[in-house]
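Residue numbers (our numbering): 82 to 498.
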């Protein structure tokens with residue numbers, strides 16, 4: 082029989098309790114002969130052997146044990162991962178900007194928006210960040226102190242994207258109200274409203290020189306706008322469904338756009354020609370981002386780690402994230418997918434290159450931020466960032482901060498170390 086009592090501080094149920102549960106299991110499973118022998122040998126009174134409070138108890142306890150075992154294994158796995166990170170990571174003395182990655186818990190949790198956050202970005206000069214929301218507002222925050230500074234109001238529907246020109250003097254925003262607005266970021270006033278799209282405007286970005294804007298819309302088009310006049314100078318057509326995002330290459334010559342039609346298109350701005358159509362994703366392309374110049378050597382290392390005979394490429398390179406839960410890196414010069422990163426458990430909402438050029442940072446509807454070592458095709462850090470889908474992030478180019486936004490209506494500031 083199973084003995085009761087205590088062992089190393091653990092209290093076990095009395096023998097009669099366990100025996101009654103075993104008797105119930107034998108009887109309910111149809112092992113009547115074994116049940117009769119067991120009741121007789123365990124000397125169980127008939128009233129207790131047939132007590133209904135023991136019905137199914139053994140199976141319930143066994144299921145609980147299995148659940149606890151799984152929890153223990155999960156915790157052991159997390160401990161092992163943390164130990165590896167600690168032992169393999171740089172010491173405080175060795176840490177530099179190259180090693181910065183966000184660390185929990187968040188430094189600030191910013192509240193104020195009344196609907197999901199659609200975009201967060203750092204100001205290119207000042208120590209402020211800007212958030213856009215489906216509540217139609219744009220908010221300005223001091224990311225070093227966590228203080229709210231002001232709200233920019235003007236859009237009459239969800240604000241889907243925001244972008245600074247390089248000096249940070251002008252902010253562009255786009256909305257489901259079909260407009261693009263330009264804001265003077267010194268006087269904090271709307272200085273221009275641009276009309277031309279026939280449906281939700283989902284993306285807006287400045288070209289590097291700051292004299293033109295590029296937008297993408299649910300009307301399937303991509304438009305180029307002259308900032309000084311607010312006129313649309315070019316319309317690029319080719320996507321078969323909603324154009325989710327359009328970003329301009331660092332040299333200002335190319336546009337990469339992602340769409341609900343599962344493709345990424347590469348456009349030449351001067352000629353409006355579609356130079357390539359990348360079809361490696363199996364679902365909606367949520368985000369695309371060009372690789373900065375400091376990524377080139379590291380991406381070539383990643384290519385040659387799998388194929389030592391591969392020729393070096395000058396790119397340009399591109400990273401994308403999709404609802405197929407993957408992140409992909411492309412060599413635009415050849416139109417080929419050279420790296421695939423798998424690990425997120427839900428839609429990838431944003432993927433950007435780390436300022437050091439060696440890593441990719443992403444966020445997804447699995448509520449996490451992930452840091453990827455793309456050379457070794459693995460996630461090196463996972464942070465449970467929000468209690469709901471993480472819709473957007475930005476990594477400061479020179480200060481140790483990452484910011485995120487979520488469907489939970491919160492913006493969070495994460496310190497890197």
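All residues carry an ideal CB built from backbone N, CA and C; glycine is no exception.
Buried versus exposed call for residue i [16 or more other C-beta atoms within 10 Å across all chains shown]
i: residue 378; result: exposed
i: residue 190; result: exposed
i: residue 348; result: buried
i: residue 490; result: buried
i: residue 423; result: exposed
i: residue 342; result: buried
i: residue 375; result: exposed
i: residue 346; result: buried
i: residue 492; result: buried
i: residue 185; result: exposed
Pairwise C-alpha distance: residue j and residue i
i: residue 313; j: residue 305; result: 6 angstroms
i: residue 575; j: residue 235; result: Within the shown structure, residues of the chain are numbered from 82 to 498, placing residue 575 beyond reach of any answer.
i: residue 206; j: residue 478; result: 10 angstroms
i: residue 476; j: residue 436; result: 8 angstroms
i: residue 265; j: residue 274; result: 12 angstroms
i: residue 139; j: residue 157; result: 27 angstroms
i: residue 99; j: residue 447; result: 42 angstroms
i: residue 97; j: residue 112; result: 20 angstroms
i: residue 410; j: residue 194; result: 33 angstroms
i: residue 91; j: residue 120; result: Because the pLDDT of residue 91 is 39, which lies under 50, any placement of that residue in the model is unreliable, and the number read from its coordinates should be weighed accordingly. Taking the straight line from one Cα to the other gives about 27 angstroms.
i: residue 360; j: residue 396; result: 18 angstroms
i: residue 291; j: residue 249; result: 10 angstroms
i: residue 499; j: residue 497; result: Residue 499 is absent from the structure shown; the chain starts at 82 and stops at 498.
i: residue 390; j: residue 372; result: 23 angstroms
i: residue 418; j: residue 209; result: 36 angstroms
i: residue 311; j: residue 279; result: 16 angstroms
i: residue 270; j: residue 230; result: 14 angstroms
i: residue 429; j: residue 369; result: 11 angstroms
i: residue 408; j: residue 294; result: 26 angstroms
Beta-carbon contacts of residue i that lie in its chain and below 8 angstroms, excluding the five residues immediately before and after
i: residue 283; result: 241, 242, 255, 297, 298, 299, 323, 324, 325, 326
i: residue 315; result: 304, 305, 350, 353
i: residue 109; result: 136, 137
Same chain only: Cβ atoms within 7 angstroms of residue i, ignoring 5 sequence neighbours per side
i: residue 216; result: 194, 195, 196
i: residue 333; result: 288, 289, 290
i: residue 257; result: 238, 239, 241, 281
Element boundaries [alpha helix (DSSP H), containing residue i]
i: residue 492; result: Segment 492-496 is the beta strand (DSSP E) holding residue 492; no alpha helix (DSSP H) there.
N-terminal and C-terminal residue of the beta strand (DSSP E) that residue i is part of
i: residue 295; result: 293-298
i: residue 407; result: 407-412
Beta-carbon contacts of residue i that lie in its chain and below 6 angstroms, excluding the five residues immediately before and after
i: residue 473; result: 200, 201, 431, 486
i: residue 228; result: none
Margin query: Counting beta carbon pairs with one atom in the region 320-328 and one in the region 361-375, are three or more of them shorter than 8 angstroms?
Written below: At 8 angstroms Cβ cutoff, the stretches touch.
Notebook entry, point to check: Does the region 296-310 touch the region 322-341, meaning 3 or more C-beta pairs lie closer than 8 angstroms?
Noted result: Here the region 322-341 lies against the region 296-310, with 3 or more beta-carbon pairs under 8 angstroms apart.
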